[in-house]
Structure formats: C-alpha cells, structure tokens
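So the sequence shown is numbered by the working numbering: it starts at 177 and just counts up by one.
Where a beta carbon is used, it is the ideal one built from N, C-alpha and C, also for glycine.
Note that the structure is a prediction, hence the values are computed from the model and not measured.
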Amino acid sequence: MLIIFDCDGVLVDSEPLAARELQRYLKDIAFPVQIAEGSHDQFLGLTLKTIRKNLEAEADCRLPKSFEDELRRRDKIVFSQHLQPIPGILEALASMEVSKCVASSGSQDKIRNSLSLTGLLDSFSPYLFSADDPGIKRGKPAPDLFENAAMEMGFSPNQCIVVEDSVAGVTAGLAAGMYTIGFTGGSHCGIEREEKLRLAGAHKTIPDMTSLPPIVNAKNS
C-alpha cells in the first residue's frame, strides 16, 4: 500500500501564507484582477503556471515574466518565518506502516524547503514528486502527477491512497483510479470544505490527521 500526500494544506499549513503573498503581489503590481480575502480557493492545488494562465485570462492582460520566480521568493521568506506542520501529522505518519510519498503542484525546491522547515523531510525524502518534474505534461486536476508517483514507487493505482485538500487534487486522485481522501483540517479550510470535497467525489473526508491512520491501516490489513 502506498499513501500519496499532497504537500500544501495537507502536510504543511501553508495555504493562508501563500494566499496572502499572492494578494500582496497582485496589489503591488496593480494587476487589474485582485483576490479578495478568503477567495483563494479557486487556486488551490494548481501550479503557478496554471494560476498565471487563469489570472491572465480573467484580466485579459499579461503578468510579468518574473511572476512565478517572484512568488516563490516571497513564499520562501514568509515560510521561513511562519510555516508550521499540520497538527498531528508527525504522529499520524509514525503510526502507519505503509509506503509514503509526496506529490505536489509546487516545485521540488518548494516541497523540500517546506518539509525541511517543518521537520517532515526525513519522513518522505527522497520520494518527492512535483508537477514540474520532467515528463509531467499536465498538473492537477489531471491524474499525471499521481500516476507518475505510483509508477516510480512501484504501485498500481488500486494500491494507492491519495490525501488531498483541494477539489483539483481530489479530482486528480479519482482520475488516477486511486482511493482518495479529502482532508479538511488545514487552517484555510472553512465549514464548506467538507461538502466541496465530498461533491468532488472524495471516497472519504477527514477533519484532522488523527482520523487518517485507522482508515489506512484498515485498508492495508
């Protein structure tokens, strides 16, 4: 059995930090489309390349060429100051005797930095998979990232469990033919998150990491 974790919002509580940096950046450059507080949900689980495309389409104008690099720079600074692991994740990882990896829309550098800052890197390294990796043509909600992670780890889709906090991630997990769990315990998750993930097709939703090991261990028995 292989459990595939998203990173942002599942392993590390990064989404509110990233949302604020994106809001500040768009304000700093006076971009025609601004993101209101609490409306970052539309970008959850997506690559920066896809976020750029969506923003440019909505505004009908181009973002600076440095968009991705500048956001990564800003995120790295604020993460170094404030990033925390999702509550209970270390205990949950220790109580599940299955193979584990990370599959994230973030870059390899971002994944490694986030896990290192929160003490989680040793639980996963070197099994870190990014939508930026060579051969990944489509990010979430396409299944490519999860399919590649499973193949590289030597597991078939029916041997995999995906843990995701976004509709795009849940959609990708289902498209890959994997048992998909919607996680609603990040600080960015409002009361509506459980319904959104359930309607997206998640096989199960969980409100915190203490709920994960019983599900995984039961399926692995």
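Need the endpoints of the beta strand (DSSP E) that Ile180 sits in, please. Leu178 to Phe181
Measure the Cβ-Cβ separation of Leu375 and Thr381 and say whether it is below 7 Å. no
Whole-Å CB distance - Leu222 paired with Ser281, under 8 Å assumed: 6 Å
Distance check for Pro383 and Asp341, CA to CA, integer angstroms please. Their backbone Cα atoms lie some 10 Å apart in a straight line.
Which whole runs of the alpha helix (DSSP H) in the region 322-365 are 4 residues long or more, in chain order? 343-351
Please name the residue in His364, Leu321, Ile367 and Gln210 whose C-alpha comes closest to that of Leu350. Leu321
Just reading off the alpha helix (DSSP H) that Phe305 is part of, what are its end residues? Run containing Phe305: none in the alpha helix (DSSP H); it sits in the beta strand (DSSP E), Leu304 to Ser306.
What did DSSP end up calling Asp184 once you bin it into helix, strand or coil? strand
In the DSSP assignment, what are the bridge partners of Thr386? Paired residues: none, contrary to the question.
Per DSSP, what kind of secondary structure is Lys276 in: helix, strand or coil? strand
Since I believe Leu259 is in contact with Glu197 (beta carbons under 8 Å), could you give me their beta-carbon distance rounded to a whole number of angstroms? That pair is no contact at about 12 Å.
Using the rule of at least 16 other Cβ atoms within 10 Å of the residue's Cβ for burial, across every protein chain shown, is Glu234 buried or exposed? exposed
Thinking C-beta only, is Ile287 closer than 7 Å to Ile179? No, they are not a contact pair.
Is it true that the CB of Pro192 sits closer than 7 Å to the CB of His364? Contact flag set, yes.
Simplified DSSP assignment, three categories, for Lys229: helix
Quick one: residues in its chain with C-beta nearer than 6 Å to the C-beta of Asn396, no 5 flanking neighbours on either side, listed in chain order? Met177 and Val274
Tell me whether Lys316 sits in a helix, a strand or coil according to DSSP, three-state version. coil
When you compare only the Cα positions, how much space is there between Pro240 and Asp308? If you take the alpha carbons of Pro240 and Asp308, they lie about 20 Å apart.
Residue nearest to Ile357 in terms of C-alpha spacing, selected from Ser190, Glu323 and Val392: Val392
Whole-angstrom Cβ separation of Asn289 and Phe305, contact assumed at under 8 Å? Actually they do not touch by this definition, with Cβ atoms about 16 Å apart.
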